[in-house]
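Novice: Residue numbers for the sequence shown follow this note's numbering, beginning at 13 and rising by one. Quick reminder that beta carbons are idealized off the backbone N, C-alpha and C, glycines included. Small disclaimer: the values here were computed from a predicted structure and weren't measured.
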Amino acid sequence: MIAKITRRSILKTVGLQGPGLILMAPMLGQADTGDKASADFALGVFISIAKTGDVTIVNHRAEMGQGILTSVPQIIADELGADWLRVSVVQAQGDAKYGNQSTGGSASIRNHFPYLRQMGAVARDMLEQTAADIWQVQKKDVKAQSHQVINLKSKKALAFGDLAEQAAKLPVPDIESVKLKDTAEFSLIGRDVRLAGQEDIVRGKTVYAQDVRLPNMLIASIERPPVVGGRVKSVNTAAAKKVAGVVDVIQLKDRSLPTNVKPVSGVAVLATNTWAAHEGRKKLDIQWDTSDKRVALNAKHNSAEYLAELVSAVNTQGDKVRKEGDVYQHSYNPSKTVEATYTVPYHHHMSMEPPAATAVVSADECTVWTGTQAPQWAKGLIAEELGIDAAKVTVNMASMGGAFGRKGKNDFTLEAVELAKAAGRPVKVVWTREDDVKHGFYHSISANYCKAEVNAKGSADYWLQRVAYPPIGATFNLEAKRPSFGQLSLGFADIPFELEHLSCEVHDVETHVRIGWFRSVANINNAFALGCFVDELAAKAGISTHKMWLNLLGKDRIVDPAKEGFDEWDNYGQKTQLHALDTRRMKAILNRVVQESGADKKVKKNEGWGISYAHSFNSYVAAATKVRVDGDKLTVLEMHTAIDCGIAVTPDRIVSQMEGAMIMGLSTALLSEITVNDGVIEQNNFYDYMSTRINQCPPLFVYIAKSQEAPGGVGEPGLPPVIPSIVNAIYHASGRRIRDLPVNKVLTV
Numbered sequence: 013m014i015a016k017i018t019r020r021s022i023l024k025t026v027g028l029q030g031p032g033l034i035l036m037a038p039m040l041g042q043a044d045t046g047d048k049a050s051a052d053f054a055l056g057v058f059i060s061i062a063k064t065g066d067v068t069i070v071n072h073r074a075e076m077g078q079g080i081l082t083s084v085p086q087i088i089a090d091e092l093g094a095d096w097l098r099v100s101v102v103q104a105q106g107d108a109k110y111g112n113q114s115t116g117g118s119a120s121i122r123n124h125f126p127y128l129r130q131m132g133a134v135a136r137d138m139l140e141q142t143a144a145d146i147w148q149v150q151k152k153d154v155k156a157q158s159h160q161v162i163n164l165k166s167k168k169a170l171a172f173g174d175l176a177e178q179a180a181k182l183p184v185p186d187i188e189s190v191k192l193k194d195t196a197e198f199s200l201i202g203r204d205v206r207l208a209g210q211e212d213i214v215r216g217k218t219v220y221a222q223d224v225r226l227p228n229m230l231i232a233s234i235e236r237p238p239v240v241g242g243r244v245k246s247v248n249t250a251a252a253k254k255v256a257g258v259v260d261v262i263q264l265k266d267r268s269l270p271t272n273v274k275p276v277s278g279v280a281v282l283a284t285n286t287w288a289a290h291e292g293r294k295k296l297d298i299q300w301d302t303s304d305k306r307v308a309l310n311a312k313h314n315s316a317e318y319l320a321e322l323v324s325a326v327n328t329q330g331d332k333v334r335k336e337g338d339v340y341q342h343s344y345n346p347s348k349t350v351e352a353t354y355t356v357p358y359h360h361h362m363s364m365e366p367p368a369a370t371a372v373v374s375a376d377e378c379t380v381w382t383g384t385q386a387p388q389w390a391k392g393l394i395a396e397e398l399g400i401d402a403a404k405v406t407v408n409m410a411s412m413g414g415a416f417g418r419k420g421k422n423d424f425t426l427e428a429v430e431l432a433k434a435a436g437r438p439v440k441v442v443w444t445r446e447d448d449v450k451h452g453f454y455h456s457i458s459a460n461y462c463k464a465e466v467n468a469k470g471s472a473d474y475w476l477q478r479v480a481y482p483p484i485g486a487t488f489n490l491e492a493k494r495p496s497f498g499q500l501s502l503g504f505a506d507i508p509f510e511l512e513h514l515s516c517e518v519h520d521v522e523t524h525v526r527i528g529w530f531r532s533v534a535n536i537n538n539a540f541a542l543g544c545f546v547d548e549l550a551a552k553a554g555i556s557t558h559k560m561w562l563n564l565l566g567k568d569r570i571v572d573p574a575k576e577g578f579d580e581w582d583n584y585g586q587k588t589q590l591h592a593l594d595t596r597r598m599k600a601i602l603n604r605v606v607q608e609s610g611a612d613k614k615v616k617k618n619e620g621w622g623i624s625y626a627h628s629f630n631s632y633v634a635a636a637t638k639v640r641v642d643g644d645k646l647t648v649l650e651m652h653t654a655i656d657c658g659i660a661v662t663p664d665r666i667v668s669q670m671e672g673a674m675i676m677g678l679s680t681a682l683l684s685e686i687t688v689n690d691g692v693i694e695q696n697n698f699y700d701y702m703s704t705r706i707n708q709c710p711p712l713f714v715y716i717a718k719s720q721e722a723p724g725g726v727g728e729p730g731l732p733p734v735i736p737s738i739v740n741a742i743y744h745a746s747g748r749r750i751r752d753l754p755v756n757k758v759l760t761v
């Protein structure tokens, strides 16, 4: 259905008073089939220019610390020719008129870059046409730059504000017909700019989901079933209700598995303040029912036993998802063959800000303030929950103190909605750190098996790999027992090596905890296995790991796994014409990190370098880590990453994302592990789900390749190669091969 967006609603959104230009930009990534001269078509990002010349751009994506509040408007402003210091950014609400708002998969820039440019170019075209009309010259004789339009012949200038009202009367040009800037003309793209909203962050004014305060609001603290799928059998609320400040105790509705991203069950204590809500919750006496057949299986889940089952599975033949040649018609030479199994435990996101959401519900309307990566999904789920029209649901997107995929699930938002309806007043649901750790959507526990034989050329001809892990799909469908082809495309069945014989195989497994998206998803376990295995092959061949990578990648070429035995390869949803899998870029970024880090140089005794590489989210990243191992004591000395993400829109944000990925990689490789016993998550907080401390963090170095290729992802690609680079460094410093994470099981960190 084509949306009708009124001028009044846009004025309200951007706060524009009086005449000016408001550009109704077509929805991102979708064709505009409406009348260009009217507002009768679906809209994406709004751009407004006031008579004062001030430009307002509405950011449609979710800000979670990655800097998208800056990068999206930065692209538009560059094509517009705006002065960045005169650009204000407004955060959109969750609404289909803004196009796709689900912020994940490192997709905000890589999916939307050309459309964002077009939006800015359309506004620029209208301003230039207006100036040309005023001067009675051809449009080619004028140019928008530095917040004004210049007459290239007379050198006269008209400010954007002087043109805005008249430009607003022009028909909006066809977005495909508007000429984009040459990349050499970029004035903002590729440069570090003032971060949108940075003053509010520094001054403590930014509103995060945990910060929302409303009149008459209650705070809710929820006791949830320790085993996923459990239900309330009985509850005694008397002691909880005696706590000063407690207003009510409400039992959430029970939902049968699979719950999708909805809440499962629980008992909520509602109070006038957070302390009272938490204290009242402690006094609840709840008996949980786990008699349901599926829940009873979950209650028997033990992660150590389960991991052993995964390891056993991958050491047997699985179902082929990619096949070239025949790896089974070969007699492997034991002296030249490496065979290894690598394991990764469950992991949790540990966003610095745990989930939170506030809701107000009336008879036929609902308004929420929530830290969500998927605002439109939240909108639809709320409408379904309340039985109202989605148009009556308002989703305000609060800034998030980290997300990493966890906040793409809206269970906490729906909890607030359900409780606000029951309480008849505003309710904010506050998750504690312990709630977040024990009731999350976890990164899959996994086992990867690899086998290959090195040849005389320092490469391999035969390559066998298998994988087994609980799929994300099981959160939505209990019958899902294997990863989707999308998951299998994440560094497993899309390996780019030049091999004559290859078999990529998968095993079916049951799932007993909620599995969800986690920064880089399956790239983590696949890159860990692949990166370490290449290092092991190099040792077997007696060559450097760097050389082995180059040999395996082979000649410069475009790799298309869909034509090489993996028909279902999806390339992160991108066309290969825009984002090809290019071994030239792979080798270049490997060479860059080795050159910059000095990873090919000799080191002191007990020190070692480890390198690795991974392609993910259409970006190429190589990592190099230097460590020292003194007995059983590990010290990480320095870490380097190099990234080729195509056009680097906001370099400072790229550096920060890569630095964050290195720190998260340290945590994932060395310290972090979620364990399950009798279906219950055993970890609670940072003291037993460890993250990198300041004294454990080494100097970090980031190198960004200069490129004119289409932008790839940035938020996630830095993590996968970091982990094997650390583990490989340990081997080169100590001779110890570690194939099971985390490292602190065998070394003191």
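Leaving out five residues before and five after Ser556 in sequence, what residues of the same chain have Cβ atoms less than 8 Å from its Cβ?
Specialist: For Ser556, where only same-chain residues beyond five positions count, the Cβ hits under 8 Å are Ala550 and Asp612.
Novice: Provide the residue span of the beta strand (DSSP E) that contains Ala352, from first to last.
Specialist: That run of the beta strand (DSSP E) goes Thr349 to Val356.
Novice: Which residues share a DSSP beta bridge with Arg640?
Specialist: Partner(s): Glu619 and Thr647.
Novice: For the stretch 721 to 733 and the stretch 655 to 673, state whether three or more C-beta atom pairs, one from each stretch, are separated by less than 8 Å.
Specialist: Touching, yes.
Novice: Since Asn460 is in the beta strand (DSSP E), which residue starts that stretch and which ends it?
Specialist: From DSSP, the beta strand (DSSP E) with Asn460 extends over Ser458 to Val466.
Novice: Distance, Cα to Cα, Asn740 vs Tyr220?
Specialist: Cα to Cα, Asn740 sits roughly 39 Å from Tyr220.
Novice: Would you call the CB atoms of Gly606 and His558 closer than 9 Å?
Specialist: It is worth fixing the name first, because residue 606 is Val in this sequence and not Gly. Yes. Within cutoff.
Novice: Can you list, in chain order, the residues of its chain whose CB lies under 8 Å from that of Val758, leaving out five sequence neighbours each side?
Specialist: Result list for Val758: Asp644, Arg748 and Ile750, in chain order.
Novice: Starting from the C-beta of Lys151, find all residues in its chain whose C-beta is less than 6 Å away, skip the five residues before and the five after it, and write them out in chain order.
Specialist: Once the five neighbours on either side are set aside, the close Cβ partners of Lys151 are Glu140, Gln141 and Ala144.
Novice: First and last residue of the beta strand (DSSP E) that includes Leu476?
Specialist: Residues Ala472 to Ala480.
Novice: Grouping DSSP H, G and I as helix and E and B as strand, with all else coil, what is Ser631?
Specialist: Note: Ser631 maps to strand in three-state DSSP.
Novice: Tell me which same chain residues have a C-beta within less than 6 Å of the C-beta of Leu5, skipping the five on either side of it?
Specialist: Outside the modelled stretch of the chain, which goes from 13 to 761, sits residue 5, for which no answer is possible.
Novice: Does the beta-carbon distance from Gly413 to Met364 come in below 9 Å?
Specialist: The answer is yes: Cβ separation under 9 Å.
Novice: How about Trp443 and Ala386: do their beta carbons lie closer than 9 Å?
Specialist: Contact flag unset, no.
Novice: Going by the CB atoms, is the gap between Gly610 and Val641 shorter than 9 Å?
Specialist: Their beta carbons are not under 9 Å apart, which means Val641 does not touch Gly610 by this criterion.
Novice: Near Leu322, what residues of its chain come up, given a Cβ to Cβ distance below 6 Å and the 5 sequence neighbours on each side ignored?
Specialist: So the qualifying residues of the chain are Ala459 and Ala480.
Novice: Select from Thr271, Lys168, Gly132 and Val214 the residue whose C-alpha is nearest the C-alpha of Gln148.
Specialist: Nearest option by C-alpha distance: Lys168.
Novice: Does the stretch 402 to 411 come close enough to the stretch 237 to 254 to have 3 or more Cβ pairs within less than 8 Å?
Specialist: Cβ pair count under 8 Å is below three, so no.
Novice: Using three-state DSSP, classify Trp147 as helix, strand or coil.
Specialist: Trp147 falls in the helix class under three-state DSSP.
Novice: Give, in chain order, every unbroken run of the alpha helix (DSSP H) that is at least 4 residues long and sits entirely within the stretch 183 to 245.
Specialist: As far as the stretch 183 to 245 is concerned, its whole alpha helix (DSSP H) runs of at least 4 residues are 210 to 214.
Novice: Applying the 10 Å Cβ sphere with the 16-neighbour rule, what's the burial state of Gln477?
Specialist: Counting Cβ neighbours within 10 Å, Gln477 comes out buried, since at least 16 surround it.
Novice: Looking only at DSSP bridge pairs, what is Cys516 linked to?
Specialist: DSSP lists Arg334 and Gln477 as partners of Cys516.
Novice: Under the assumption that Phe509 contacts Leu593 (Cβ atoms under 8 Å), give the Cβ distance between them as a whole number of angstroms.
Specialist: Actually they do not touch by this definition, with Cβ atoms about 12 Å apart.
Novice: May I ask you to report which of helix, strand or coil DSSP gives Phe545?
Specialist: Phe545 falls in the helix class under three-state DSSP.
Novice: Opposite Ala369 in the DSSP bridges: which residues?
Specialist: According to DSSP, which records beta bridges pairwise, Ala369 is partnered with Thr382 and Val441.
Novice: Roughly how many angstroms lie between the CA atoms of Ile17 and Asn272, to the nearest whole one?
Specialist: The predicted position of Ile17 is uncertain, since its pLDDT is 32 and thus under 50; a value taken from the coordinates is nonetheless stated next. If I take the Cα positions, the gap works out to 32 Å.
Novice: Using a Cβ-Cβ cut-off of 7 Å (strictly less than) and excluding sequence neighbours within five positions of Lys614, which residues of its own chain qualify?
Specialist: Here the set comprises nothing.
Novice: Using the rule of at least 16 other Cβ atoms within 10 Å of the residue's Cβ for burial, across every protein chain shown, is Tyr699 buried or exposed?
Specialist: The residue in question, Tyr699, is exposed, as its Cβ has fewer than 16 Cβ neighbours within 10 Å.
Novice: Below 8 Å on the Cβ atoms is my contact criterion, and I expect Ser411 with Ile527 to pass it. Report the Cβ-Cβ distance as a whole number of Å.
Specialist: With a Cβ gap of about 27 Å, Ser411 and Ile527 do not count as contacting.
Novice: With distances taken from CA atoms, which of Pro732, Pro754 and Ala660 is nearest Glu721?
Specialist: Selected option, being the one with the closest Cα: Ala660.
Novice: Nearest to Ala745 by CA position, among Met409, His627, Asn71 and Thr637, is which residue?
Specialist: Ala745 has its Cα closest to that of Thr637, out of Met409, His627, Asn71 and Thr637.
Novice: List the residues that DSSP assigns as beta-bridge partners of Asn163.
Specialist: According to DSSP, Asn163 bridges with Val154.
Novice: Kindly indicate which three-state DSSP category Met412 falls into: helix, strand or coil?
Specialist: In this structure, Met412 counts as coil in the three-state DSSP scheme.
Novice: What are the residues that DSSP puts in a beta bridge with Gly724?
Specialist: DSSP output for Gly724 lists no bridge partner at all.
Novice: My output table needs one value for Leu759: the three-state DSSP class, helix, strand or coil.
Specialist: Three-state result, Leu759: coil.
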